[in-house]
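Taking it in order: structure first as structure tokens, then the write-up.
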Amino acid sequence: MTWGNIAKGFFITGTDTGVGKTVVTAAIIKAIGLLGLRACGMKPIETGCIKEGDVLVPLDGMFLKTIARMEENVKHISPYCFESPLAPMAASEVEGVSIDFEKIKRAYTDLKKNYDAVVVEGIGGLLVPIRRDYFVLDLARDFGLPIIVVSRPALGTLNHTMLTVNYAIKEGLNVAGIIINYNCPPKDTLAEDTNPEIIKQISKAPLIGVFPYLTDMESVTIEKAVLKNLDIEILKKYL
């Protein structure tokens with residue numbers, strides 16, 4: 005069951021942690037903007053936050069706020085912040101803070117009233133536990149948004165990407181596509197050269213593009229990379 009009326013937008017997940025979901029979330033926000041729509045970002049649960057005094061600062065949430073030029077308080081973007089760099093279930097247990105999904109739902113409902121689309125960044129991969137009986141997969145299902153899978157370019161990504169895409173489809177999620185993201189400088193390996201074409205041939209979901217490694221995360225840099233490297237027409241049909 006999804007949370008009320010389905011908004012337009014995407015849920016960004018990954019084949020693993022550290023694959024670059026945040027920069028891809030920013031890229032999708034920019035892509036939606038290029039289609040003439042106003043999009044916002046949301047990272048409902050963020051771990052590994054920085055503590056400034058008594059306040060936990062969600063760096064990813066703040067980055068999305070900047071990229072999307074959002075005026076909302078970051079608490080709407082990242083309702084749950086944990087200092088521990090762990091999976092949500094572990095972080096919530098360590099820090100003694102239980103996750104109330106109604107709080108996430110309320111923040112999401114408020115955001116979708118003010119924007120044409122909401123781009124939600126998950127945490128880790130689909131089977132990362134948020135609590136013992138609830139995973140990122142379940143969070144994606146509750147949001148009711150088509151998902152975009154972010155994967156690595158290197159050796160091993162074929163298996164990881166297909167496991168994620170096929171499991172998502174098996175569980176009834178709508179997979180809009182895959183983005184291969186260079187979260188570090190390319191190594192110019194044969195695997196990197198051949199993986200995109202192989203994924204096109206074997207995946208049930210389309211390849212939206214291969215996003216390059218960026219030396220800066222300025223808004224204009226991300227937008228230029230979107231124009232050059234992503235197939236925005238694939239995204240357009242969901243908006």
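Heads up: the sequence shown begins at 5 in the working numbering, then just goes up one per residue. All C-beta atoms in this analysis are idealised placements derived from N, C-alpha and C, irrespective of residue type, glycine included.
Supposed close pair residue i, residue j - CB separation, criterion 8 Å
i	j	result
Val140	Gly129	7 Å
Lys47	Ile81	6 Å
Tyr119	Cys188	With 8 Å as the limit, Tyr119 and Cys188 do not qualify as a contact, their Cβ atoms being about 31 Å apart.
Lys34	Val154	Contact doesn't hold; Cβ gap of about 15 Å is too wide.
Val122	Ala209	That pair is no contact at about 21 Å.
Ser223	Met166	No, Ser223 and Met166 are not in contact; Cβ-Cβ is about 33 Å, not under 8 Å.
Leu90	Ile236	Contact doesn't hold; Cβ gap of about 35 Å is too wide.
Thr19	Thr168	5 Å
Cβ pair residue i, residue j closer than 8 Å
i	j	result
Ile184	Val230	no
Val124	Gly13	yes
Leu162	Ile203	yes
Leu177	Arg145	yes
Leu211	Gly181	yes
Thr29	Ile49	no
Ala111	Pro133	no
Pro150	Glu196	no
Ile36	Leu218	no
Reduced DSSP secondary structure (H/G/I, E/B, other) of residue i
i	result
Arg73	coil
Lys228	helix
Leu243	coil
Thr168	helix
Val23	coil
Thr17	strand
Gly37	helix
Ala31	helix
Gly65	helix
Leu234	strand
Lys55	strand
Glu159	The residue you asked about is not Glu; residue 159 is Leu in the sequence shown. Three-state result, Leu159: coil.
*Quick one: complete beta strand (DSSP E) runs, 3+ long, within the region 83-156?*
With a minimum length of 3 residues, the continuous beta strand (DSSP E) runs that stay inside the region 83-156 are 121-125, 133-135 and 151-155.
_Inter-stretch contact (C-beta, 8 Å, three-pair minimum) for the region 64-75 and the region 93-103_ = No: the two stretches stay apart, fewer than three of their Cβ pairs being nearer than 8 Å.
*Jot down the residue ranges of each uninterrupted alpha helix (DSSP H) in the region 178-224, minimum 4 residues, whole runs only, in chain order.*
194-206
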